[in-house]
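Read through the structure below, which is laid out as structure tokens, and then see the notes.
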Amino acid sequence: MGAPQRCIHSGDRESDIYELFCLAQKQRTQFLFRLCVDRVAGDGTTLISKLLSQAPVKGHYCLTVTDKRGKQRKAKLAIKVLPLVVHPPQYKKRAYPELSLTVIEARERGRGKNAERIVWKLLTNLPVPSLHAAIENLTWYALRWKIETFHKILKSGCRAEESRLRTAERLVNLLAIFCILSWRVFWTTMLRRAAPQLPASVIFTPSELQILQCLQSHPSGDSTSLERGILQLAKLGGYLARATDPPPGPLVIWRGLARLTDMQLGFCLFEKNCG
């Protein structure tokens, strides 16, 4: 709260709102938003797209991207950086000032088969003095989808918006618990893709591992691997594990963890009563 300049807002095309740019400037915070509207810029007689078409390419950068089926590929991006003055919409000129901002364009050169070409136009009030700074901004924007996935788990999985608590204190406490649960779902989903060779004990407790191993229809020597454990967890959530299926997403992981928790509770009650 004491250092608003350290706060950086990142958003997709729905964040391309001129009032939002001005509010961030007024609050002395920084932003990195993807452009949706081709705004008036420069001397007020041209558009951002025209100025970008005349700007030179500052450099290239290879970015690893993941498609909807979970497959990764390398995208070679041509990067342009253009400081400019952005003008408010015509009907808002009296209410909002002109802003000195920077546009970063990342345009993919060539593309893989059946892959959508990457064309990002990012608007920011951050200083972008070099190609390295532009790449850093692109890297931040590329991480945005992970934040959105976390919030999707928080809202759709935990159903945080459906809580009916009467005080703010109770709501804060509930959200704190939900954030931990959402983080575990997200971490479990991503870790299988990033490091499947790790042991399953990194994520699961001994009792959870025991239950997952008992559920396997064809136990194998690698039954304690992270990939095998999460695959069995995803099956609990409805994942079919067909050869053409993409990697399990947060929804089936959430469902699997919910069912696993119920099974673990029954398992503990059985041990308590029969032990």
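Here the sequence shown stands for residues 759 to 1033, numbered as in my numbering. Each residue gets a CB set at the ideal place from its N, CA and C atoms; glycine is no exception. Computed from a prediction, not measured in an experiment: that's the story for all the values here.
- For residue 887, same chain residues with a beta-carbon under 7 Å away, outside a window of 5 residues either side, do not exist.
- Residue environment: residue 867 is assigned as exposed (fewer than 16 neighbouring CB atoms within 10 Å of its CB, all protein chains considered).
- In the structure shown, the three-state DSSP call for residue 829 is coil.
- Residue environment: residue 896 is assigned as buried (16 or more neighbouring CB atoms within 10 Å of its CB, all protein chains considered).
- Counting C-beta pairs with one atom in each stretch, the segment 928–940 and the segment 872–882 have fewer than three that are closer than 8 Å, which means they do not touch.
- The residue from 905, 904, 817 with its alpha-carbon nearest to that of residue 865 is 817.
- As a beta-bridge residue in DSSP terms, residue 864 pairs with 837, 878.
- If you draw a straight line from the Cα of residue 892 to the Cα of residue 985, it is about 36 Å long.
- In this chain, the beta strand (DSSP E) harbouring residue 768 covers 766–769.
- With a minimum length of 4 residues, the unbroken runs of alpha helix (DSSP H) contained wholly in the segment 940–993 fall at 964–973.
- Only exposed fits residue 996, as fewer than 16 other CB atoms lie within 10 angstroms of its CB.
- Counting C-beta pairs closer than 8 Å gives fewer than three between the segment 800–809 and the segment 771–791, which falls short of the contact rule.
- Assignment of residue 1024 by DSSP, reduced to helix, strand and coil, places it in the helix class.
- Cβ neighbours of residue 822 within its own chain (closer than 8 Å, five residues either side excluded): 830, 831, 832, 833.
- Secondary structure note for residue 849: it is in no alpha helix (DSSP H), with a DSSP letter that is neither H nor E.
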